[in-house]
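Mapping the sequence shown onto my numbering, position 279 (from 1) lands on 293, and the numbers just tick up by one. Ideal Cβ positions, reconstructed from N, Cα and C, are used throughout, including at glycine. Report on one structure; see the data block that follows.
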Amino acid sequence: MQATEVLREKEAVSKAGRTVSGIVNSIETLEGGGFLVRRPFPKASFSEFDPFLLLDEMGPMEVAPGQAKGAPDHPHRGFETVTYLLSGDMEHKDSRGHAGRLRAGDVQWMTAGAGVVHSEMPSREFMRAGGRMHGFQLWVNLPQRDKMMKPRYQEISSSQIPRATSADGLVRVRVIAGEAMDQKAVIETRTPIIYLHYRIEPGGVATQQVPDAYQAFAYVVEGGGLFGAEGESAGDGQMVMFTQDGGEVRIENPPDAKETLEMLFIAGVPLNEPVARYGPFVMNTDDEIRQAIEDYQLGRMGAINS
Ligand code: FE
């Protein structure tokens, strides 16, 4: 091939959407009452991906009877926690008298706002019988104007989550936030967010539309694939970040792949505000963090069952 042809081909490729700007590996760490998570961020070298503050993959793991662990009473202020369960059974309680339950495929989108104290624990049945545990928690930052809003829950059962399958049957998507394959999410977000769960069979290609203002990444849950216009490869446990341009993102599971490519595709408009974070509190200034700690210690965020 002539050099000019190579150049022309490269140009054509770059017009076919966003390219990969970086790939990061997850670390393994213990969370809550001692359950293992895979975490692409935050870590020492990479604290956030504006507007996202954290992504944890819980499991997948087989839990023996009596061994299930959760996250007992703890506070949050200033952001949202999004829990998406693929298997398992969890119970949720908070200081405002709210209680809920999450089973396979369900989503809880909790806007902590001014503050809640909550617990996220395995259900009594799951604790007794054990079983397979697999899920995700994503932390979405709130803009300054919403950090002290009244807490709000959106609990969406698996059957209410819009889904779509491509014409060739090789690409399936569940639409938790935003839009994909002509399906619109039922969950409302405070700032524009896309949260999708894709399953792509070998030979399948997903082309996800992403407005220019969004930062976007994919997190590979299982298998592997080719990402972005230049087809960079990434696999299981890796987070793939895309350049902030180009309108769409192409993701392919190559025809010779042995496994389904399962991934989360997450994007949002950056807040571009200062981030002050301390454990479960994420505000804009250190003073607001001190205030959050004080409010929690003085019981102003309440307590469960009080
Ligand atoms: Fe929590």
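Could you give the DSSP three-state label for residue i: helix, strand or coil?
i       : result
Ser-320 : Legend: pLDDT at Ser-320 = 48, less than 50; position of this residue unreliable, value from coordinates given subsequently. Correct three-state label for Ser-320: coil.
Ser-247 : strand
Ser-180 : coil
Gln-158 : helix
Ser-173 : helix
Tyr-228 : coil
Lys-198 : strand
Leu-285 : coil
Thr-257 : coil
Asp-270 : coil
Ala-128 : coil
Pro-206 : coil
Gly-5   : Examination of residue 5 is not possible in this model, given that the chain is present from 15 through 320 alone.
Gly-92  : coil
Glu-276 : strand
Met-135 : strand
Met-147 : strand
What first and last residue would you give for the alpha helix (DSSP H) that runs through residue i?
i       : result
Met-141 : 138-143
Glu-302 : 300-311
Residue range of the beta strand (DSSP E) that residue i falls in?
i       : result
Asp-108 : 103-108
Asp-70  : 66-77
Arg-117 : 113-117
Glu-42  : 41-45
Arg-291 : 290-292
Met-124 : 121-125
Thr-163 : Reading off the sequence shown, one finds Met at residue 163, where the question assumed Thr. Careful: Met-163 lies outside any beta strand (DSSP E) and carries neither H nor E.
Glu-215 : Where Glu-215 is concerned, there is no enclosing beta strand (DSSP E), given that its DSSP letter is neither H nor E.
Pro-54  : 49-55
Met-297 : 295-297
Ala-191 : 185-191
Which whole-angstrom value describes the C-beta separation of residue i and residue j, a residue pair presumed to lie in contact below a C-beta threshold of 8 angstroms?
i       : j       : result
Val-219 : Arg-186 : So it is not a contact: roughly 13 angstroms between Cβ atoms.
Glu-94  : Met-124 : 6 angstroms
Pro-86  : Ala-126 : The Cβ separation is near 17 angstroms, so there is no contact.
Glu-236 : Glu-266 : About 16 angstroms separates the two Cβ atoms, so there is no contact after all.
Gly-136 : Ala-82  : This sequence places Pro at residue 136; Gly is not what is there. Contact flag correct, Cβ pair sits at about 4 angstroms.
Say yes only if the C-beta of residue i is nearer than 7 angstroms to one or more non-hydrogen atoms of ligand 3, and no if none qualify.
i       : result
Val-130 : No copy of ligand 3 occurs in the structure displayed; its ligands are ligand 1 alone.
TODO: Determine contact between the region 103-120 and the region 57-64, defined as no fewer than three beta-carbon pairs at a distance below 8 angstroms.
DONE: no
- [ ] Name all residues in chain order for which at least one heavy atom of ligand 1 lies closer than 6 angstroms to the residue's CB.
- [x] Those satisfying the condition are, in chain order, Ala-85, His-88, His-90, Thr-95, His-132, Glu-134.
Open item on the list: I want to know whether the region 284-303 touches the region 156-165 - three or more CB-CB distances under 8 angstroms.
Closed with: yes
Open item on the list: For the structure I just gave you, are there three or more beta carbon pairs, one from the region 254-262 and one from the region 221-229, closer than 8 angstroms?
Closed with: yes
Task: Three or more C-beta pairs below 8 angstroms linking the region 175-184 and the region 135-153 - done: no
Open item on the list: Could you check whether the region 75-89 touches the region 43-52, counting it as contact only if at least three pairs of C-beta atoms, one from each stretch, sit closer than 8 angstroms?
Closed with: yes
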